[in-house]
Ligand SMILES: NC(=O)c1ccc[n+]([C@@H]2O[C@H](COP(=O)([O-])OP(=O)(O)OC[C@H]3O[C@@H](n4cnc5c(N)ncnc54)[C@H](OP(=O)(O)O)[C@@H]3O)[C@@H](O)[C@H]2O)c1
């Protein structure tokens, strides 16, 4: 896969990156260690060298698996991880009330953008990831209880210490990003973006293009549905969050599957799968620097990597977009 540069840095990344949320198990009905580590190793060996993880993905599990997989390969890998979500400390900013951790215990999750927390979390991530630097360190969600100046100051300190190479944010609005950027040069904003969730096109895309910020698109398969495999009979593992989300319920499920049926001839004409088409479509969109494709196993890794090889003409993009514009989802 041809590498691309994170704007304003010398960091070369794979534009289709390994999304390591599902291998944390939490929210995804569990994940198996050997299979997950093999998936990361397979990604690295086949050119998907950028990995996006977070401490909260399985309460350290995803970062821990990543740390094991990158052992001996660190110089070939770019690690994106995150900070600002705590399950071991209460703050005034509740993020998610009562969820089960990987041991089945009930925990609540809080946002914390305080300087003390950012510095502590970085040390914890470095240890779990088996490394002494993080390529891109991102605030997972904005913490409206802590001034941007304080959070950004922590990123500045970590950068000076060489513990992070660059800093970014995730799930920030344009205004929040512009405000925070006054205190620290933010490289990127990681946000949801897929064929069926395109609200960033209005504000964030023009802002990012004008200000040379990377958009790192997450959930490009809308968590799997855009692969076309989800039907009303699909069996999810216990603890998988997807059946409870709007996209996986009617009438949305049928509407999305109908749209997929209509664009499938384009995928077929390229000997591609719908998942590859969805990933490639996202990467073709203006302003999108990197697409995080969430994967659980080697098969998905090898399939998703190949999305980078597809070319879509302007006419094909127009046909796909015309189908997408007709979708009226209840979300
Ligand atoms: N910053 C944030 O707040 C945030 C939020 C969400 C995600 N993210 C990041 O973005 C990454 C990607 O997003 P995501 O994991 O939510 O969703 P996604 O990439 O849209 O979907 C990932 C899921 O789809 C299924 N899948 C993957 N490739 C497939 C293929 N070729 N064919 C069929 N099914 C396939 C897998 O689940 P099954 O095999 O179980 O179906 C996989 O876990 C995450 O891993 C994470 O790194 C960040």
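Residue numbers (our numbering): 11 to 341.
For every residue, glycine included, the Cβ atom is placed at its ideal position computed from N, Cα and C.
Predicted model only: the values in this text are computed from it and were never measured.
Where residue i falls, given that 16 or more other Cβ within 10 Å makes a residue buried
i, result
"residue 3", "Because residue 3 is not part of the residues shown, which for the chain are 11 to 341, the question remains open."
"residue 62", "buried"
"residue 219", "exposed"
"residue 223", "buried"
"residue 185", "exposed"
"residue 155", "exposed"
"residue 341", "exposed"
"residue 170", "exposed"
"residue 262", "buried"
"residue 73", "buried"
C-alpha distance - residue i paired with residue j, whole-angstrom precision
i, j, result
"residue 270", "residue 207", "15 Å"
"residue 335", "residue 168", "43 Å"
"residue 332", "residue 275", "15 Å"
"residue 255", "residue 313", "25 Å"
"residue 172", "residue 142", "8 Å"
"residue 286", "residue 325", "18 Å"
"residue 119", "residue 113", "15 Å"
"residue 44", "residue 133", "25 Å"
"residue 107", "residue 100", "11 Å"
"residue 247", "residue 293", "30 Å"
"residue 252", "residue 245", "11 Å"
Beta-carbon proximity of residue i to residue j, cut-off 8 Å
i, j, result
"residue 188", "residue 16", "no"
"residue 103", "residue 153", "yes"
"residue 139", "residue 77", "yes"
"residue 299", "residue 60", "no"
"residue 227", "residue 197", "no"
"residue 111", "residue 36", "yes"
"residue 150", "residue 93", "yes"
"residue 66", "residue 97", "yes"
"residue 230", "residue 303", "yes"
Test: residue i CB closer than 8 Å to a CB of chain C
i, result
"residue 195", "Absent here is chain C; the protein component of the structure consists of one chain."
Distance between beta carbons of residue j and residue i, contact taken as under 8 Å
i, j, result
"residue 53", "residue 28", "5 Å"
"residue 26", "residue 318", "5 Å"
"residue 95", "residue 121", "6 Å"
"residue 159", "residue 193", "5 Å"
"residue 49", "residue 308", "5 Å"
"residue 75", "residue 144", "Residue 75 to residue 144, Cβ: 16 Å. No contact."
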